[in-house]
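Report on the following structure.
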Amino acid sequence: MAAEPDELYTLRAQFWLGHYQMALDEGKSIARRPMSPELKEEREAFVARCAIAMKDYSKDISGETPALQALALQAQYEALAALGDGAQTQSVILQLQSMLGDGVSPLVQLIAANVFLQAGMKKEALACVHNGTTLEQVALCAQIYITLDRLDLAKQSLQQMRKMDEDSILTQVVSVYIALATGSSMASEASHTLNQLSEQYGPSPMLLNLMACAFMQAGKYSEAESKLEQARSEFAATDADTLVNTIVALQYQQKPVGEYLIALKQHHPNHFLSQGLDTVQGAFDREAIKYRVAA
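Now the structure itself:
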């Protein structure tokens, strides 16, 4: 008996590859197709996740399902975090934590983990997904392990994903993350996978940034700069990853980075690098006053 067609295959693939507008368009185009209640809920969640990924926090995320309620909280959290409103973001985190417990859906766990991770709560994020039963939960688990310098556990998560769905786009993307975390010895493998994905689905800022990271791992800083220039020119990318990676690629080539530092502080004032630069600049200014020579 032939398997039922996966109505959300393209939607998922585009989202996982960072093609958020294309994923959003796909989600809207299939809205009238007959599908199970579970797939309908997943489609609605992906549409909301696309809006959040594109920083469109003004979109009304409404619905009675716990997943949509959690996504509304995620949008609220990210909007408040962009404003630097720490007190209110903590309130959102508490609301998300209250949604977790026995019987909570894997999607709500995933959403909560993403918010906790943004808040620097790695332990709490990992607790949401370390026993995950979905591909996305295991993928996020692998990413958290990478940030914790537990590459051994990240590789175990990748093996679990391969058993679940070896051909999935998400499995391929996570294999790239692990290859990049491994170091220069795996840079060519990461580049090969990324080139295949880009040729099949088209480049996105996310894929171009990963390509740039692979080039930098291989010591090819000019090629990395080229990919990041493509992200800025074709997609008007001003996300933190593009700006930070551009700064790194240029610094390795001893090229000026002032323009991109200004853009980073302008667009992402609460990014850890922006705040670090402000701290260093403030310390320098205080020291300079001590040695100021009177006219």
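Residue numbers (the numbering used here): 2 to 296. Note that beta-carbon positions come from the ideal geometry of N, C-alpha and C, so glycine has one too.
Within 10 angstroms of its Cβ, does residue i collect 16 or more other Cβ (buried), or is it exposed?
| i | result |
| --- | --- |
| Thr172 | buried |
| Gly277 | exposed |
| Glu137 | buried |
| Met2 | Note that Met2 scores 35 on pLDDT, short of 50, meaning its location in the model is unreliable; the coordinates nonetheless yield the value given after this. That one is exposed. |
| Tyr10 | exposed |
| Lys228 | buried |
| Ala126 | buried |
| Asn210 | buried |
| Ala14 | buried |
Going by the beta-carbon positions, is the gap between residue i and residue j smaller than 9 Å?
| i | j | result |
| --- | --- | --- |
| Ala299 | Ala188 | A question about residue 299 goes unanswered here, because the residues of the chain that appear run from 2 up to 296. |
| Leu141 | Leu111 | yes |
At what residues does the alpha helix (DSSP H) containing residue i begin and finish?
| i | result |
| --- | --- |
| Glu260 | Gly259 to His268 |
| His193 | Ala188 to Tyr202 |
| Thr247 | Ala241 to Tyr253 |
| Thr134 | Careful: Thr134 lies outside any alpha helix (DSSP H) and carries neither H nor E. |
| Gly19 | No alpha helix (DSSP H) contains Gly19, which DSSP labels as neither H nor E. |
| Ala32 | Unbroken run through Ala32: none, as it is neither H nor E. |
| Asp166 | Leu152 to Asp166 |
| Leu101 | Neither: Leu101 is in no alpha helix (DSSP H) and is coded neither H nor E. |
Within its chain, find whatever has a CB closer than 7 Å to the CB of residue i; leave out the 5 residues flanking it on each side and keep chain order.
| i | result |
| --- | --- |
| Ile62 | Ala49, Leu69, Leu72, Ala73 and Ala76 |
| Leu208 | Leu18, Gly19, Leu195, Leu198 and Ser199 |
| Ala279 | As written in the sequence, residue 279 is Asp, which differs from the Ala given in the question. Around Asp279: no qualifying Cβ. |
| Ala215 | Leu181, Ala188, Ala191, Ser192 and Leu195 |
| Thr135 | Pro107 |
| Glu8 | Ile31, Arg34, Met36 and Leu40 |
Beta-carbon within less than 6 Å of residue i's beta-carbon, same chain only, minus the 5 sequence neighbours each way: which residues are those?
| i | result |
| --- | --- |
| Thr239 | His268 |
| Thr194 | Gln173 and Val177 |
| Ile248 | Val258 and Tyr261 |
What residues in its chain sit with their C-beta under 8 Å from that of residue i, if we drop five residues either side in the sequence?
| i | result |
| --- | --- |
| Ile94 | Tyr78, Val116, Phe117, Ala120 and Met122 |
| Gln231 | Pro204 and Leu209 |
Inspect the CB distances between the segment 79-93 and the segment 111-127 and report whether three or more fall short of 8 Å. yes
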